[in-house]
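Residues in the sequence shown are numbered from 21 upward in steps of one, following the working numbering. Quick reminder that beta carbons are idealized off the backbone N, C-alpha and C, glycines included. From a predicted model like this one, the values you see are computed outputs, not experimental measurements. Heads up, the thing below is written out as structure tokens.
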Amino acid sequence: MASIDPKNEADSPTRTRSVLLFLLLMFLVSSLNMADRQLIGIAAQPIKREFGLSDTMIGLLGGTAFALVYPPLGLPLAWVADRFNRRNLLAWCLAWWSAATMLCGFVTAPLGLLLSRIGVAAGEAGYAPTSHSLIADTIAPERRSSAFAVLVAGISAGTFIAMVGGGWLTQHYGWRTAFIAIGAPGVLVAILVRLLIREPVRTTMPGGSPWPAYKRLLGSAPFRRCVAGSALHLMVTYGLVWAVPWLERSHGIGPARAGLLLGTIGAAAGLIGSLAGGAIGDRLARSDRRWLGWWPAVTVLAAAAFGVPALLTESLTLALLGLAAATFLNALYQPSTYALVQGVAGAGERASAAALMIFIQNLIGLGLGPACVGFASDLLTPEFGAGALGIALAGLFLVNGLSATAFYRAGRALGPGEMGPGKMGE
């Protein structure tokens with residue numbers, strides 16, 4: 021079986037087909053990455069009942085425990101990815117986290133579920149450094165936002181798989197079956213990644229230690245502010261892992277229907293938003309690269325304006341319409357942030373830049389978002405009952421205001437100028 025070489029002659033039919041198939045595989049990997057990660061939220065209610073856990077404990081299990089492993093392990097895996105075969109590393113990581121997801125279905129105690137989730141985190145730690153680096157060395161700078169939109173579209177697709185497939189399986193066959201069924205396809209996709217993608221040629225090889233690259237990146241104001249903005253925003257995004265339990269409690273909907281409603285909204289609004297966000301981000305940045313920061317600032321602020329009332333209304337129709345608008349706006353920002361970070365990074369530090377971004381994002385976003393919602397829900401339940409979770413989620417959405425400020429400042433720090441490698445870190 022011939023492998024994909026994304027570095028064939030530019031604009032040739034072979035090159036076009038190779039890039040499309042490469043991006044399709046990246047889409048599948050991104051989808052599985054998000055599906056395996058999100059499934060814990062869809063199964064939260066039955067897991068909580070079976071093991072007698074509080075919302076705070078579910079939040080820690082679904083977010084904080086994951087974040088304590090995922091970001092730190094991403095840094096050494098990025099060091100490996102910047103020096104060795106990224107294709108092979110991605111394939112092994114995908115197979116590992118898929119197997120760990122399946123293992124969640126066989127546990128008999130909370131400790132076993134915790135350890136299995138740590139295994140998922142360990143495998144997924146290699147996803148961002150390898151995939152971001154592969155895309156950055158395959159796609160020209162002026163088209164990177166659109167290419168990264170494929171990864172963001174995969175996030176929407178993965179959320180759909182977890183919510184619709186996971187919700188239906190959880191309701192009809194139990195949460196254990198859901199973990200096993202959602203995890204299994206990843207092993208097959210890992211084989212396809214290994215067989216069909218060829219490692220792209222690097223233009224620059226890094227030195228021995230990653231610390232100079234980290235120091236340089238952290239010294240870049242556009243990088244720091246962009247990562248801060250995305251980390252704050254991801255508190256909101258990861259906090260929405262509670263969306264299915266919120267529908268169950270506030271609107272009396274079972275997990276299968278809740279998953280179908282939210283999964284459909286997430287897939288449609290998220291997919292359209294991510295692809296539109298990439299195209300719009302590329303177009304705006306070609307005229308002024310500062311829009312790589314300003315565009316995310318506009319979108320996350322608008323998302324909060326729709327998300328807060330959606331989580332507080334008693335009308336199911338208004339709640340779903342508001343969440344659809346918020347999901348669409350949430351998806352618009354991400355391709356531009358990936359493009360900004362990879363534009364600041366040098367050719368030999370692609371994976372390190374992605375890993376450092378993911379490290380900070382997930383320590384804050386994943387580590388705090390679900391846990392803060394769970395804690396606030398437990399705190400508010402005595403007074404507000406079933407409505408406490410919606411209030412907690414709405415309150416978290418206000419963090420998008422801080423996120424928008426950071427993104428705006430990242431755009432200002434870039435300064436006006438042309439797109440291109442080595443031109444964005446000044």
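Quick one, which of the options has its alpha-carbon nearest residue i's?
i, options, result
"Ile138", "Leu171, Gly178, Ala120, Ala346", "Ala120"
"Gln354", "Leu341, Thr337, Gln381, Leu340", "Gln381"
"Ala64", "Met77, Leu52, Val140, Ala408", "Met77"
"Ala111", "Leu189, Phe168, Cys124, Leu208", "Leu208"
"Gly298", "His253, Arg277, Phe348", "Phe348"
"Leu434", "Pro242, Met183, Tyr193", "Pro242"
"Lys235", "Val364, Phe326, Gln58", "Val364"
"Glu268", "Leu383, Gln191, Ser240", "Gln191"
"Leu336", "Ile292, Val419, Phe180, Gly272", "Gly272"
"Leu252", "Leu189, Pro316, Arg196", "Pro316"
"Leu413", "Val127, Cys124, Ala305, Gly259", "Gly259"
"Asn350", "Ala98, Leu291, Phe47", "Leu291"
"Pro390", "Phe47, Gln58, Ala330", "Gln58"
"Ile181", "Ala288, Leu212, Arg106", "Ala288"
"Val264", "Phe126, Pro66, Leu45, Met46", "Pro66"
"Val261", "Ala424, Gly410, Ser153", "Gly410"
"Trp188", "Ala278, Leu238, Gly366, Glu403", "Ala278"
"Ser153", "Ile384, Ala430, Ser240, Arg370", "Arg370"
"Trp117", "Pro130, Tyr90, Arg107, Thr128", "Tyr90"
"Ala198", "Ala98, Gly125, Gly407", "Gly125"
"Thr333", "Gly239, Asp157, Gly407", "Gly407"
Does the distance between the C-beta of residue i and the nearest non-hydrogen atom of the ligand SAH fall short of 7 Å?
i, result
"Pro275", "No copy of the ligand SAH occurs in the structure displayed, which carries no ligand at all."
Output the boundary residues of the alpha helix (DSSP H) element that contains residue i.
i, result
"Pro232", "231-238"
"Asn105", "No alpha helix (DSSP H) contains Asn105, which DSSP labels as neither H nor E."
"Val361", "354-364"
"Leu434", "420-434"
"Trp311", "311-332"
"Thr158", "Unbroken run through Thr158: none, as it is neither H nor E."
"Leu260", "Run containing Leu260: none; DSSP gives neither H nor E here."
"Asp302", "275-307"
"Gly203", "195-203"
"Glu70", "64-71"
"Phe417", "408-417"
"Leu135", "130-144"
"Phe168", "164-180"
"Met77", "75-79"
In chain order, what residues of the same chain lie with their CB nearer than 8 Å to the CB of residue i, ignoring the 5 residues before and after it?
i, result
"Ala148", "Gly94, Ala374, Ala375, Met377, Ile378"
"Arg163", "Asp302"
"Gly274", "Gln191, Glu268"
"Leu254", "Gln381, Asn382, Ile384, Gly385, Leu386, Gly389"
"Ala129", "Phe71"
Please go through the same chain and pick out, in chain order, the residues whose beta-carbon is closer than 6 Å to the beta-carbon of residue i, but skip the five residues on each side of it.
i, result
"Ala210", "Ala111, Leu114, Ala115"
"Asp308", "Pro436"
"Arg214", "Ala111"
"Ala30", "Any answer about Ala30 is weak, because its pLDDT of 47 lies below 50 and its placement is not dependable; what the coordinates show is given next. So no residue of the chain qualifies."
"Pro429", "It is worth fixing the name first, because residue 429 is Arg in this sequence and not Pro. These residues qualify, in order along the chain: Arg245."
Spatial neighbours of residue i within its chain, please: C-beta separation below 7 Å, excluding the five flanking residues on both sides.
i, result
"Asp398", "Ser74, Asp75, Thr76"
"Ala426", "Arg245, Ala248, Gly249, Leu252"
"Ala167", "Leu43, Ile155, Ile159"
"Gly421", "Leu321, Ala324"
"Ala55", "Gly178, Ile181, Ala182, Ile202"
"Lys68", "Ile78"
Does the region 142-162 come within contact of the region 233-248, defined as at least 3 CB pairs closer than 8 Å? no
Below 8 Å, how does it come out for the region 70-87 and the region 387-399: are there three or more Cβ pairs, yes or no? yes
Under 8 Å, with one C-beta from each stretch per pair, do the region 270-290 and the region 329-345 reach the 3-pair mark? yes
Any 3 or more C-beta pairs closer than 8 Å across the region 48-55 and the region 166-178: yes
Whether or not the region 319-330 and the region 124-140 are in contact is what I'm after, with contact meaning three or more pairs of Cβ atoms, one per stretch, closer than 8 Å; do they touch? no
Cβ contact (3+ pairs, closer than 8 Å) linking the region 121-132 and the region 190-205: yes
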